[in-house]
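A short worksheet on the structure shown next.
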Amino acid sequence: MELAQLEALCERLYNSQDSVERAHAENTLKCFSMNTEYISQCQYILDHALTPYALMLASSSLLKQVTEHSLALKLRLDIWTYLINYLATRGPELQPFVTASLIQLLCRVTKFGWFDDDRFRDLVTESMNFLSQATPGHYAIGLKILSQLISEMNQANSGMPATNHRRVACSFRDQYLFQIFQISLTSLGQLKNDVVNQLQELALALSLKCLSFDFVGTSVDESSDEFGTVQIPSPWKPVLEDSSTLQIFFDYYAITKPPLSKEALECLVRLASVRRSLFTNDAARSKFLAHLMTGTKVILQTGQGLADHDNYHEFCRLLGRFRVNYQLSELVNMEGYSDWIRLVAEFTLKSLQSWQWASNSVYYLLGLWSRLVSSVPYLKGDAPSLLDEFVPKITESFITSRFNSVQAGLPDDLSENPLDNAELLQDQLDCFPCLCRFQYESSSLFVMNIMEPVLQIYTERARLHVPDSSDLTVIEDKLAWIVHIIAAILKIKQCTGCSVESQEVLDAELSARVLQLINVTDSGIHSQRYGEISKQRLDRAILTFFQHFRKSYVGDQAIHSSKLYARLSELLGLHDHLLLLNVIIGKIVTNLKCYTESEEVIDHALSLFLELASGYMTGKLLLKLDTVKFIVANHTREHFPFLEAKRCTRSRTTFYYTIGWLIFMEDSPVKFKSSMDPLQHVFLSLESTPDAVFRTDAVRYALVGLMRDLRGIAMATNSRRTYGFLFDWLYPAHMPLLLKGISHWTDTPEPC
5 MELAQLEALC ERLYNSQDSV ERAHAENTLK CFSMNTEYIS QCQYILDHAL TPYALMLASS
65 SLLKQVTEHS LALKLRLDIW TYLINYLATR GPELQPFVTA SLIQLLCRVT KFGWFDDDRF
125 RDLVTESMNF LSQATPGHYA IGLKILSQLI SEMNQANSGM PATNHRRVAC SFRDQYLFQI
185 FQISLTSLGQ LKNDVVNQLQ ELALALSLKC LSFDFVGTSV DESSDEFGTV QIPSPWKPVL
245 EDSSTLQIFF DYYAITKPPL SKEALECLVR LASVRRSLFT NDAARSKFLA HLMTGTKVIL
305 QTGQGLADHD NYHEFCRLLG RFRVNYQLSE LVNMEGYSDW IRLVAEFTLK SLQSWQWASN
365 SVYYLLGLWS RLVSSVPYLK GDAPSLLDEF VPKITESFIT SRFNSVQAGL PDDLSENPLD
425 NAELLQDQLD CFPCLCRFQY ESSSLFVMNI MEPVLQIYTE RARLHVPDSS DLTVIEDKLA
485 WIVHIIAAIL KIKQCTGCSV ESQEVLDAEL SARVLQLINV TDSGIHSQRY GEISKQRLDR
545 AILTFFQHFR KSYVGDQAIH SSKLYARLSE LLGLHDHLLL LNVIIGKIVT NLKCYTESEE
605 VIDHALSLFL ELASGYMTGK LLLKLDTVKF IVANHTREHF PFLEAKRCTR SRTTFYYTIG
665 WLIFMEDSPV KFKSSMDPLQ HVFLSLESTP DAVFRTDAVR YALVGLMRDL RGIAMATNSR
725 RTYGFLFDWL YPAHMPLLLK GISHWTDTPE PC
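Numbering-wise (the working numbering), the sequence shown opens with residue 5 and increments by one.
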């Protein structure tokens with residue numbers, strides 16, 4: 005093949021819009037990456053080709069050869085030497101993507117030969133030769149080589165066993181990583197006043213790569229914002245304790261624009277997370293903390309760079325990292341703590357007010373405040389924490405911001421609305437309960453005061469014959485938020501500055517409001533709104549409330565909750581957990597009866613029902629309730645329409661699994677047989693169906709549904725005796741139908 009022909013094929017491979025043309029080019033050129041005899045031809049292409057796409061083919065083919073084939077040591081050393089000379093002579097004039105590919109190849113060869121020959125380890129020295137040259141192009145290549153070398157060492161490769169990868173990574177970490185970090189700091193210092201923005205970006209990226217290295221082999225997910233303590237090795241101590249190290253990144257944040265300023269903040273986030281034991285003593289750690297506080301204080305005062313969303317998010321992460329390594333007792337004893345905490349509080353309040361812009365960033369700030377609050381019981385000395393002043397304001401602002409988000413209208417994409425996305429909701433409410441319980445009396449009063457007028461309007465709307473749909477949507481979403489908030493508060497019981505008894509009374513006050521709401525949600529005009537998304541959100545929130553309430557105050561826990569039930573008795577006449585359980589089951593049954601199109605509500609209701617039935621104490625209590633006795637005896641589609649809704653077909657198994665739990669808890673063959681009457685009728689109906697119509701969709705759906713129901717019952721058989729109940733009921737009486745179903749539908753494996 006002539007070089008010109010090859011260049012044309014490479015052009016088509018990388019640029020053609022025609023998939024057939026691309027596939028032909030790929031098939032023709034794949035020999036360069038698969039056959040080791042073509043390695044010399046790849047070098048020829050690099051020496052003589054004129055187009056960047058031909059160079060890219062040669063580089064990527066060599067990368068695949070090095071990764072997938074065991075090449076001779078001499079050949080690998082030759083490739084390594086050739087690449088360094090090639091980058092030195094031609095590197096600055098190449099297209100960036102070609103340079104990046106060649107550097108990746110060079111670093112891959114280095115990694116794979118790390119323990120084969122010491123000459124491979126000279127790459128750091130060779131990189132410094134690039135940095136010592138006068139041209140910006142060579143300087144950039146030197147920084148890129150070091151950065152790519154760290155990436156290569158930090159990432160497992162398909163062609164290298166995991167144990168070998170870790171050996172190489174540890175050797176590289178111990179011998180060269182600290183040196184590279186020092187090179188990056190030196191470069192940042194030299195480039196501080198440089199007009200070549202790209203070099204500053206490369207030096208910052210190199211520092212970040214060093215600080216993000218997987219020091220202990222934990223394989224951190226780099227796509228995640230979350231990471232634990234950064235395990236910086238001990239030899240780095242002098243550089244970390246040198247104040248100029250932190251300052252260089254604060255300086256770069258101040259003098260650069262996004263995205264460089266964001267990378268400077270990312271470096272600071274990593275430095276703020278270094279392990280406590282790295283520092284020589286408490287004084288050194290306190291000095292480091294003081295520097296972090298001073299630097300962040302300046303940013304809070306000036307607001308510099310925070311108009312950029314990425315900077316804003318990263319700065320919130322930086323503040324959030326204060327909770328990882330530093331105790332409240334350390335913070336309050338720092339000079340300037342009162343100004344710093346006041347500025348952080350003001351920043352948090354502004355973030356909550358700007359909920360549309362900062363919704364994904366507030367999580368880190370709330371996490372910081374939550375950690376500070378949880379440390380209050382262990383705070384010693386006279387230095388004031390000032391949390392009493394700021395935390396209630398933050399709590400109130402968070403609740404208000406949730407209401408404002410509803411009032412302003414919901415995002416078009418439902419997955420972006422926390423009320424429709426359990427993961428987002430969890431993130432937003434994760435740290436909030438600790439803040440509420442810090443000043444629980446004032447916080448609970450605020451929650452009640454903000455809920456009552458909304459609840460009153462919702463109660464009045466129930467009496468209207470023609471509802472204002474848009475108005476009700478806003479009201480229901482506000483109530484959904486407040487119910488989720490109360491549920492989150494009930495999820496934890498720790499409380500600062502409040503006795504257990506008074507805490508239970510306040511829990512009762514909040515719970516009473518939700519229980520009052522339940523009486524309204526399914527009455528009047530609201531009973532016609534089960535198809536509305538906002539009504540479904542509200543009912544899911546109520547079910548979540550019951551889940552958390554149950555874990556804290558129903559069953560075994562109720563014995564220790566006399567104050568709560570005493571207050572609920574005064575407010576609503578619910579004087580024990582059996583009455584409360586009846587309310588919970590009533591709501592579950594209403595949802596199962598009224599929702600046929602919302603799989604989410606049905607699944608949520610069934611999940612709660614199963615939790616109650618499978619609990620030792622609550623399961624026994626359920627059997628005392630008339631509602632539960634009715635369910636066990638009348639589990640038919642007439643009473644529970646979701647059983648014939650195709651979208652809820654998988655929910656049937658959960659429903660019957662729960663019913664099975666309740667049936668087998670009584671351990672009575674007579675009770676079992678009477679409870680199976682609804683399924684017995686389905687069996688008899690199918691058994692009497694003529695063969696001529698047995699292949700219809702109606703029969704198929706009935707048969708599949710019956711199998712799902714039986715699967716649920718079978719899952720609940722937890723002993724030989726209970727399994728015997730089911731087996732004796734099925735065999736031999738109903739086996740002919742099962743065999744008939746298999747023979748008639750053997751060509752249709754997919755479920756309904």
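C-beta: ideal position from N, C-alpha, C; glycine also. Note that this is a predicted model, so its numbers are computed, not measured.
Unbroken alpha helix (DSSP H) run spanning residue i, endpoints
{"i": "C652", "result": "Segment: none, C652 is in no alpha helix (DSSP H) and carries neither H nor E."}
{"i": "K591", "result": "581-598"}
{"i": "Q179", "result": "Run containing Q179: none; DSSP gives neither H nor E here."}
{"i": "Q357", "result": "341-357"}
{"i": "W733", "result": "724-734"}
{"i": "C435", "result": "C435 -> no alpha helix (DSSP H), and no H or E assigned at all."}
{"i": "M794", "result": "What the structure shows of the chain is the stretch from 5 to 756, and residue 794 is not part of that stretch, so it cannot be assessed."}
{"i": "T2", "result": "The requested residue 2 does not occur in the structure, where the chain is confined to residues 5 to 756."}
{"i": "L153", "result": "140-158"}
{"i": "H317", "result": "313-324"}
{"i": "E400", "result": "391-411"}
{"i": "P56", "result": "56-72"}
{"i": "D607", "result": "603-618"}
{"i": "P242", "result": "241-245"}
{"i": "N453", "result": "444-465"}
{"i": "G309", "result": "No alpha helix (DSSP H) contains G309, which DSSP labels as neither H nor E."}
For residue i, the residue or residues it bridges with in DSSP
{"i": "V278", "result": "V234"}
Proximity winner among the options, relative to residue i (alpha-carbon distances)
{"i": "P262", "options": "G309, C271, E245", "result": "G309"}
{"i": "S265", "options": "S374, L212, D22, T233", "result": "L212"}
{"i": "V518", "options": "L576, T298, T306", "result": "L576"}
{"i": "N408", "options": "L690, Y341, R715, V478", "result": "V478"}
{"i": "A138", "options": "L153, A92, L110, K650", "result": "A92"}
{"i": "K591", "options": "L335, L568, F553, I546", "result": "I546"}
{"i": "P457", "options": "H142, K482, E400", "result": "K482"}
{"i": "N425", "options": "E72, F283, R544, R554", "result": "R544"}
{"i": "P740", "options": "G728, G299, A706, L688", "result": "L688"}
{"i": "C440", "options": "I461, L476, L423, L391", "result": "L391"}
{"i": "R327", "options": "D343, Y368, R346", "result": "Y368"}
{"i": "Q443", "options": "I187, Q108, C502", "result": "C502"}
{"i": "I588", "options": "Y599, S515, A649", "result": "S515"}
{"i": "S162", "options": "K115, R80, W118, E72", "result": "E72"}
{"i": "F219", "options": "G535, P242, F176", "result": "F176"}
{"i": "L7", "options": "F292, P694, C46", "result": "C46"}
{"i": "D246", "options": "S216, R641, A288, I496", "result": "A288"}
{"i": "I489", "options": "V524, E400, S191, S238", "result": "E400"}
Beta-carbon proximity check, residue i vs residue j, cutoff 7 Å
{"i": "S655", "j": "D607", "result": "yes"}
{"i": "F402", "j": "L433", "result": "no"}
{"i": "A294", "j": "M338", "result": "yes"}
{"i": "S446", "j": "L494", "result": "no"}
{"i": "T726", "j": "F634", "result": "no"}
{"i": "L596", "j": "A609", "result": "yes"}
{"i": "A14", "j": "L61", "result": "This sequence places Cys at residue 14; Ala is not what is there. Contact: yes."}
{"i": "L3", "j": "I529", "result": "Residue numbering for the chain in the displayed model covers 5 to 756; residue 3 lies beyond these limits and cannot be assessed."}
{"i": "Y660", "j": "G745", "result": "no"}
{"i": "L383", "j": "S333", "result": "yes"}
{"i": "L269", "j": "E205", "result": "no"}
{"i": "A492", "j": "R541", "result": "no"}
{"i": "L585", "j": "L578", "result": "no"}
{"i": "K148", "j": "I107", "result": "yes"}
{"i": "E513", "j": "L568", "result": "no"}
{"i": "V710", "j": "V686", "result": "It should be pointed out that residue 710 corresponds to Leu in this sequence rather than to Val. The answer is yes: Cβ separation under 7 Å."}
{"i": "G664", "j": "A720", "result": "yes"}
Discussion item. Can you confirm whether the stretch 100-107 touches the stretch 155-164 when touching is taken to mean that 3 or more C-beta pairs between the two stretches lie within less than 8 Å?
Written reply: No: the two stretches stay apart, fewer than three of their Cβ pairs being nearer than 8 Å.
Discussion item. Can you confirm whether the stretch 386-398 touches the stretch 421-433 when touching is taken to mean that 3 or more C-beta pairs between the two stretches lie within less than 8 Å?
Written reply: Using a Cβ-Cβ distance cut-off of 8 Å, the stretch 421-433 and the stretch 386-398 are not in contact, since fewer than three pairs of beta carbons, one from each stretch, lie closer than that value.
Worksheet item: Between the stretch 650-667 and the stretch 596-611, do three or more beta carbon pairs fall short of 8 Å?
Response: Yes, the stretch 650-667 touches the stretch 596-611.
Worksheet item: Taking three-plus beta-carbon pairs below 8 Å as touching, is the stretch 447-454 in contact with the stretch 370-379?
Response: Touching, no.
Fill in: Segment contact, 8 Å Cβ cut-off, at least three pairs: the stretch 634-650 with the stretch 694-703
No: the two stretches stay apart, fewer than three of their Cβ pairs being nearer than 8 Å.
Practice prompt. State whether the stretch 30-42 contacts the stretch 59-78, with contact taken as three or more CB pairs (one from each stretch) at a distance under 8 Å.
Written response: In the pairwise beta carbon analysis, the stretch 30-42 is classified as touching the stretch 59-78: at least three pairs are separated by under 8 Å.
Item to complete: Please determine if the stretch 80-87 and the stretch 16-33 are in contact, where contact requires at least 3 C-beta pairs separated by less than 8 Å.
Response: No: the two stretches stay apart, fewer than three of their Cβ pairs being nearer than 8 Å.
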